[in-house]
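> I am attaching a structure below and will ask some questions about it afterwards.
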Ligand SMILES: [Zn+2]
């Protein structure tokens with residue numbers, strides 16, 4: 626299958642899905658990030674582009690379609706920071722350096738990780754999920770309207786240790802841990818070493834504000850145990 630045919634298949638699949646959700650036969654699909662509408666000809670003009678869910682440079686092979694503007698904006702800003710961070714994590718840390726968590730603040734890589742998790746939900750669950758207002762704060766932060774989405778911090782967890790047991794490039798499951806419905810998206814990021822990252826995302830029928838508050842509360846309650854675990858992991862990383 627050529628790349629053109631591959632993109633056309635994706636386009637037709639998204640067109641059908643959007644038609645189902647909107648209850649009409651659409652001739653244009655919408656970019657999952659900015660909701661601009663594009664007809665089939667945008668595949669040839671280059672205005673609709675193939676975007677890897679997990680960046681290709683980190684081992685991602687599955688793709689979806691986003692508009693050129695969103696692809697460029699997120700690719701050059703967000704993905705490059707994630708790749709750079711993973712590369713740096715592979716290098717031995719200099720003597721006397723601060724902890725890995727301080728040297729690689731998670732906030733730097735959040736936009737790229739958030740985009741991958743969001744596109745994974747879009748790819749697997751379709752427009753019915755992402756067209757819900759529950760995803761508005763996620764999209765706003767992706768578009769750069771909220772460049773530092775501190776309110777979403779508690780939704781991320783990231784393990785600095787190599788995670789060799791993670792096989793799928795992304796994996797989505799329904800969470801049963803919170804009273805609000807949520808997706809747990811695990812991402813496999815490979816730059817020589819495989820590391821894993823998990824993001825909690827709302828489901829279409831959840832109240833994102835309540836979900837974020839609940840996750841933050843659970844994190845605070847377990848924090849002494851988590852801190853202890855992180856200390857151990859950072860210790861192992863520093864001596865690696
Ligand atoms: Zn877009």
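In my numbering, the protein residues as written are 626 to 865. We treat Cβ as the ideally placed atom computed from N, Cα and C, and that holds for glycine. Remember, it's a predicted structure, so these values are computed and weren't measured experimentally.
Residue 743: which of 763, 731, 839, 779 sits nearest, CA to CA?
For the purposes of this step, residue 743 is taken as the residue at position 118 of the chain shown. When each option's Cα is compared against that of residue 743, the closest is 763.
> Going by the C-beta, is residue 694 closer than 7 Å to any heavy atom of ligand 1?
Along the chain shown, one-based indexing puts residue 694 at 69. Flag set: Cβ of residue 694 near ligand 1.
> Could you tell me if the beta carbon of residue 661 falls within a distance shorter than 7 Å of some heavy atom in ligand 2?
Of the ligands this structure carries, namely ligand 1, none is ligand 2.
> Can you tell me the Cα-Cα spacing of residue 700 and residue 674, whole angstroms?
By 1-based counting over the chain shown, the position of residue 700 is 75. By 1-based counting over the chain shown, the position of residue 674 is 49. Whole-angstrom Cα-Cα distance: 12 Å.
> Are the CB atoms of residue 643 and residue 658 within a distance shorter than 8 Å?
Start at 1 with the first residue of the chain shown, and residue 658 comes out as number 33. Start at 1 with the first residue of the chain shown, and residue 643 comes out as number 18. Not a contact, by the Cβ cut-off of 8 Å.
> Given this structure, state the Cα-to-Cα distance separating residue 833 from residue 720, to the nearest angstrom.
As a position in the chain shown, residue 833 is number 208, starting the count at 1. As a position in the chain shown, residue 720 is number 95, starting the count at 1. Distance between the alpha carbons of residue 833 and residue 720 is about 42 Å.
> Could you pull out every residue in the same chain whose Cβ sits closer than 7 Å to the Cβ of residue 830, ignoring the five residues on either side in sequence?
Within the chain shown, the letter at position 205 stands for residue 830. Hits under 7 Å: 806.
> Would you identify the three-state DSSP class for residue 813, choosing helix, strand or coil?
Position 188 of the chain shown, counting from 1, holds the residue named residue 813. Here residue 813 sits in strand by DSSP.
> Just to confirm the assignment, what range does the alpha helix (DSSP H) spanning residue 762 have?
Numbered from its first residue, the chain shown carries residue 762 at position 137. Here the alpha helix (DSSP H) through residue 762 covers 761-767.
> Could you give the C-beta distance for residue 780 and residue 825, rounded to a whole number, given that I count them as a contact under 8 Å?
For the purposes of this step, residue 780 is taken as residue 155 along the chain shown, with counting starting at 1. For the purposes of this step, residue 825 is taken as residue 200 along the chain shown, with counting starting at 1. 4 Å between Cβ atoms; contact.
> Taking 7 Å as the limit between beta carbons, can you name the residues of its chain near residue 664, skipping five residues before and five after?
Taking the first residue of the chain shown as 1, we reach residue 664 at position 39. Excluding residues within five positions, the ones whose Cβ falls inside 7 Å are 652, 653.
> Measuring CA to CA, which of 672, 835, 827 is closest to residue 750?
For the purposes of this step, residue 750 is taken as the residue at position 125 of the chain shown. By alpha-carbon distance to residue 750, the top candidate from 672, 835, 827 is 827.
> Under a Cβ-count criterion, where at least 16 other Cβ atoms within 10 Å of its own Cβ denotes burial, should residue 818 be classed as buried or exposed?
Here residue 818 refers to the residue found at position 193 of the chain shown. When all chains shown are included, residue 818 counts as exposed.
> Which runs of the alpha helix (DSSP H) at least 4 residues long sit entirely within the segment 640-696? Give them in chain order.
666-670
> Determine the burial state of residue 671: buried for a count of at least 16 other Cβ atoms within 10 Å of its Cβ, exposed for fewer.
Locating residue 671 in the chain shown gives position 46, counting from the first residue. Per the 10 Å Cβ criterion, exposed.
> Can you give me the C-alpha to C-alpha distance between residue 650 and residue 641, rounded to a whole angstrom?
Here residue 650 corresponds to residue number 25 of the chain shown, with the count starting at 1. Here residue 641 corresponds to residue number 16 of the chain shown, with the count starting at 1. Those two C-alpha atoms are separated by around 8 Å.
> Please classify residue 793 as buried or exposed, where buried requires at least 16 neighbouring CB atoms within 10 angstroms.
Your numbering for residue 793 matches position 168 in the chain shown. Classification for residue 793: exposed.
> Mark residue 636 as exposed unless 16 or more other C-beta atoms lie within 10 angstroms of its C-beta, in which case mark it buried.
The sequence position of residue 636 within the chain shown is 11, counting from 1. By the 10 Å Cβ count, residue 636 comes out buried.
> Residue 632 and residue 690: beta carbons closer than 8 Å?
Locating residue 632 in the chain shown gives position 7, where the first residue counts as 1. Locating residue 690 in the chain shown gives position 65, where the first residue counts as 1. In contact: residue 632 and residue 690 (Cβ atoms closer than 8 Å).
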